[in-house]
Amino acid sequence: MSLKGPIISIEDDEDDQFLLGQIVKQLDIPNEIRFFPNGQLALQYLEATDEQPFLILCDINMPIMNGLELRRRINQNETLRQKSIPFVYLTTAANPDIIREAYEQEVQGFFQKATDYAGFQQQMKLLVVYWQNCLHPNSTL
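In full-length UniProt numbering, the protein residues as written are 1 to 141.
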């Protein structure tokens with residue numbers, strides 16, 4: 001994890017992408033945010049980049065490759081596993097079976113998207129502050 005690396009958002013809903021972008025600006029989060037509409041495009045980026053992303057925020061239900069499959073593919077890729085990029089689900093799909101499957105894949109968090117702007121903003125603030133202060137194998141300044 002790099003504190004200066006980009007935040008990767010895998011989200012197919014353009015309205016949620018817009019809201020997340022606005023929240024990142026309002027909270028003065030210095031990290032660039034990169035949006036991907038599905039897991040396949042995000043995986044292609046992660047496999048090709050030399051960057052060390054700060055955080056991955058991922059929806060569950062998306063076309064082409066959903067969030068659970070993306071996490072499986074990251075775990076199967078030794079190079080991506082070694083990067084130890086914090087992977088957090090941020091989704092409306094929150095039932096016990098999905099949550100259980102997510103944690104079986106060693107996910108670092110699972111959040112049901114807040115239903116209002118203030119709640120969504122608070123979730124993002126908590127997530128970013130937590131990971132800014134958390135130590136893990138690839139922490140860099």
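We put the beta carbon where it would ideally sit given N, CA and C, even for glycine.
None of these values were measured; they are calculated from a predicted model.
Problem set entry | Where residue 74 sits in the DSSP three-state scheme | Here residue 74 is taken as the residue at index 74 of the sequence shown, counted from 1. Three-state result, residue 74: helix.
Problem set entry | Exposure of residue 108, with buried meaning 16 or more beta-carbon neighbours within 10 Å | Translated into positions along the sequence shown, residue 108 becomes position 108. Of the other Cβ atoms in all chains shown, 16 or more fall within 10 Å of the Cβ of residue 108; this residue is therefore buried.
Exercise. Just the Cα atoms here: how many angstroms apart are residue 128 and residue 87?
Worked result: Here residue 128 is taken as the residue at index 128 of the sequence shown, counted from 1. Here residue 87 is taken as the residue at index 87 of the sequence shown, counted from 1. Cα to Cα, residue 128 sits roughly 12 angstroms from residue 87.
For this session: Could you tell me if residue 133 is buried or exposed, where buried requires 16 or more neighbouring beta carbons within 10 angstroms of its beta carbon?
Result: Residue numbering aside, residue 133 sits at position 133 when the sequence shown is read from its first letter. Residue 133 is exposed by the Cβ-count criterion.
Exercise. Ordered along the chain, which non-local residues of its own chain (more than five positions away) have a Cβ less than 8 angstroms from that of residue 30?
Worked result: Walking along the sequence shown from the start, residue 30 turns up at place 30. Same-chain partners within the cutoff: 4.
Exercise. Which residues in the same chain as residue 141 place their Cβ atom closer than 6 angstroms to its Cβ, once the five residues preceding and following it in sequence are excluded?
Worked result: Translated into positions along the sequence shown, residue 141 becomes position 141. Low confidence applies to residue 141: its pLDDT is 47, below 50, so where it sits in the model is not reliable, and the reading given next is rough at best. Result list for residue 141: empty, nothing under 6 angstroms.
Exercise. Excluding the five sequence neighbours on either side, which residues of its own chain have a C-beta within less than 6 angstroms of the C-beta of residue 93, listed in chain order?
Worked result: Residue numbering aside, residue 93 sits at position 93 when the sequence shown is read from its first letter. When the five nearest sequence neighbours on each side are left out, the beta carbons in the same chain lying within less than 6 angstroms of the beta carbon of residue 93 are those of 60 and 61, in order along the chain.
For this session: Measure the CB-CB distance between residue 85 and residue 137 and report whether it falls below 8 angstroms.
Result: As a first step, residue 85 must be located in the sequence shown, where it is residue number 85. As a first step, residue 137 must be located in the sequence shown, where it is residue number 137. The answer is no: Cβ separation not under 8 angstroms.
Exercise. Per DSSP, what kind of secondary structure is residue 91 in: helix, strand or coil?
Worked result: Taking the first residue of the sequence shown as position 1, residue 91 is located at position 91. In the structure shown, residue 91 sits in a strand (DSSP, three-state: E or B).
Exercise. Three or more beta-carbon pairs under 8 angstroms between the segment 14–31 and the segment 109–128, yes or no?
Worked result: As far as the Cβ criterion goes, the segment 14–31 touches the segment 109–128, which means the pair count is three or higher.
Exercise. Expressed to the nearest angstrom, what Euclidean distance is found between the alpha-carbon atoms of residue 101 and residue 17?
Worked result: By 1-based counting over the sequence shown, the position of residue 101 is 101. By 1-based counting over the sequence shown, the position of residue 17 is 17. Pairing residue 101 with residue 17, the inter-Cα distance amounts to about 25 angstroms.
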